[in-house]
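K.L.:
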Amino acid sequence: GSLVVGVNGKEVKLKAGDKIELPAGTPHWARVSEDGPIIYLCATKS
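In terms of the numbering used here, the sequence shown is residues 1 to 46.
(1) Rounding to the nearest angstrom, what Cα-Cα distance links I39 and G25 in this structure?
(2) Can you list, in chain order, the residues of its chain whose CB lies under 6 Å from that of K15, leaving out five sequence neighbours each side?
(3) Return the first residue and the last residue of the beta strand (DSSP E) that G6 is part of.
(4) Helix, strand or coil for L14? Go by DSSP, reduced to three states.
(5) Assuming V4 contacts S33 (C-beta within less than 8 Å), just tell me the rounded distance between them.
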């Protein structure tokens, strides 16, 4: 499957092995695409 992420009025489709890095406090959203289930990791830097 894939994950669609919305940031700054744009949509980005992430597939296996892709990543996205956002600055702290950046408004965003995410949804699973219709092409199947996914497993994803969400992490923060400290």
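Note that beta-carbon positions come from the ideal geometry of N, C-alpha and C, so glycine has one too.
P.N.:
According to the structure shown:
(1) By 1-based counting over the sequence shown, the position of residue 39 is 39. By 1-based counting over the sequence shown, the position of residue 25 is 25. Answer to the nearest angstrom: the Cα atoms are 24 Å apart.
(2) Numbered from 1 along the sequence shown, position 15 holds the residue referred to as residue 15. Excluding positions up to five away in sequence, the list reads S2.
(3) Within the sequence shown, numbered from 1, the residue matching residue 6 stands at position 6. Per DSSP, the continuous beta strand (DSSP E) segment holding G6 begins and ends at 3-7.
(4) In the sequence shown, the residue the question calls residue 14 occupies position 14. Here L14 sits in strand by DSSP.
(5) Taking the first residue of the sequence shown as 1, we reach residue 4 at position 4. Taking the first residue of the sequence shown as 1, we reach residue 33 at position 33. V4 to S33, Cβ: 6 Å. Contact.
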